[in-house]
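Just so we're aligned, residue 0 is where the sequence shown starts under numbering that gives the first Met the number 0, counting upward by one.
Each residue gets a CB set at the ideal place from its N, CA and C atoms; glycine is no exception.
Have a look at the structure below, then the notes.
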Amino acid sequence: MEFKKNDLVQVTIEDMSHEGAGIGKADGYTLFIKDAVIGDKVEAKIMKTKKHYGFARLMKVLEPSKDRVEAKCPQARACGGCQLQFMNYEAQLAFKKNKVEANLRRIGGFDNFTIEKVIGMEDPWRYRNKAQFPFGKDKEGNIVTGFYAGRTHSIIPNRNCLLGVEVNEMTLNEIISYMEENKVEPYDETTGKGLIRHVLIRYGFTTKEIMVCLIINGTSIPNAEALCRQLAKISGMTSITLNVNKKQTNVILGDEILPLWGRETITDYIGDIKYQISPLSFYQVNPVQTVKLYQTALEYARLDGNETVWDLYCGIGTISLFLAQKAKQVYGVEIVPAAIEDAKKNAALNKIENAEFYVGKAEEVLPEKYEKDGVYADVIVVDPPRKGCDETLLSTMLQMKPKRIVYVSCDSATLARDLKILCEENYQLEKVAVCDMFPSSVHVETVACLERK
């Protein structure tokens, strides 16, 4: 049978895609249906057809899966942020474990391994210490803020995201009332006019310090004192800054930070290590799980105090300083100069003297230090961006022959691809752990330990 757009079909969901859409068949034709859960029987409306598969919208659940739950957030279906809010938490963890396992088997070609632990959260809500809210106007001309609907730039109004901390809502209320009182316009992507583009809010879970950074299409805001007065009433407010972004781009942050009130940074802890965080710092968004992730990386590194460790893609030194507590010497490498400045400050802040940091591409710094200066590594830890490691870097790692490689990954597909190269001759995959840093979303962190054969 041939289906066309707007046809209504009944489908039983048998599987889920890596993006979290339910997968089922209507008369042998595969359909991807967002917000449907394995085991659901649903009615869906076909939105788009291709030769062998199509996409459909969930219209109603005819028979719910045993794993289906009522979404806590009223905006869950419209917003692009949570793909798994309709699944109970145990099923979410099973989905993530299966996703990592499938990538390691299919892309990496591994069959003899086990995922030894899946690290979930006791309370998988209100876990994010950072949120970025775009500003715009609704059809009636009211200022709104919230999150983008999936794959679009239309704003779903929501000041109370259940993944973020509660103080975000209070902060957004103050900013919108300031904008209304002072006739400050939100930015309009289509015209390039308007002033306030986004707000970035960070929160220190241990210190309770709050940072507010307004991203603006200009270099100043009118009546800034009034905004600072209103925000300073919020308990814990520590830093209010502006970030200048006058480009017509969908990149949120510009490079220039202008201080308005308080300090330019906030501090927070991961375990016993204290970090200074600026608006531009990369810092893990889930502090509760970050401790567990780094402890797993440290456990897999099996340090006894005599090792030289290289931490590649080290950011502001988050993993490096964790490792330095147990290693003889740690070298961190990161391409962003501001992050390396932060890393050096964080080492000094914690009186850690056995960590050194280099600015540059890991795939350039490591070969140079290895070939020219003869540096070696007992253990290499990598935590690359989503695209994984550069091939030059992988081959240098193989030449350096460390005893152990600990690979922390936010994308198990590129992890599997890189591990396949590393394990072709010299290394074997010893252990894998899955850490749920992003409950309700499809994303997951993985830690893999490789031992030299």
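- Cα atoms of isoleucine 334 and leucine 365: separation of roughly 12 Å, rounded to the nearest angstrom.
- Between the beta-carbon of alanine 296 and that of valine 308 there is about 11 Å, and that puts the pair past the 8 Å contact cut.
- Look at isoleucine 22 here: in three-state DSSP terms it is strand.
- Under DSSP, leucine 7 forms a beta bridge with Lys44.
- If you compare the alpha carbons of Ser219, Leu292 and Tyr28 with that of threonine 48, the shortest gap goes to Tyr28.
- The DSSP assignment places 286-300 and 317-323 as complete runs of the alpha helix (DSSP H) inside the stretch 249-323, in order along the chain (cut-off: 4 residues).
- Per DSSP, leucine 241 lies in no alpha helix (DSSP H); the unbroken beta strand (DSSP E) holding it starts and ends at 236-243.
- Looking at the DSSP output, tyrosine 357 bridges to Val332.
- Taking 8 Å as the cut-off, the Cβ atoms of alanine 323 and isoleucine 351 count as close.
- Per DSSP, serine 411 lies in no beta strand (DSSP E) segment; the continuous alpha helix (DSSP H) that holds it begins and ends at 411-421.
- Only exposed fits valine 250, as fewer than 16 other CB atoms lie within 10 angstroms of its CB.
- In this structure, methionine 86 keeps its C-beta atom at 8 Å or more from the C-beta atom of valine 164.
- Annotation: the continuous alpha helix (DSSP H) that includes valine 166 extends over 166-180.
- For the 8 Å CB-CB criterion, leucine 83 and tyrosine 126 do not form a contact.
- Where glutamate 429 is concerned, the enclosing beta strand (DSSP E) starts and stops at 426-434.
- In terms of Cβ geometry, lysine 33 and glutamate 62 do not form a close pair [threshold 8 Å].
- Going by C-alpha positions, alanine 412 is about 33 Å away from glutamate 188.
- Residue environment: glutamate 306 is assigned as buried (16 or more neighbouring CB atoms within 10 Å of its CB, all protein chains considered).
- Tyrosine 369 places its beta carbon less than 8 Å from that of threonine 395.
- Alanine 225 sits away from asparagine 172, with the two beta carbons spaced by 8 Å or more.
- Taking C-beta atoms as the reference points, threonine 240 and leucine 257 count as a pair closer than 8 Å.
- Taking C-alpha positions only, threonine 205 is separated from histidine 17 by approximately 33 Å.
- CA-to-CA, the gap between arginine 228 and methionine 236 works out to about 11 Å.
- Within the same chain, and ignoring the five residues on either side of lysine 4 in sequence, the residues whose Cβ sits closer than 8 Å to its Cβ are Ile45, Met46, Lys47 and Thr48.
- Annotation: arginine 451 is outside any alpha helix (DSSP H); the continuous beta strand (DSSP E) that includes it extends over 444-451.
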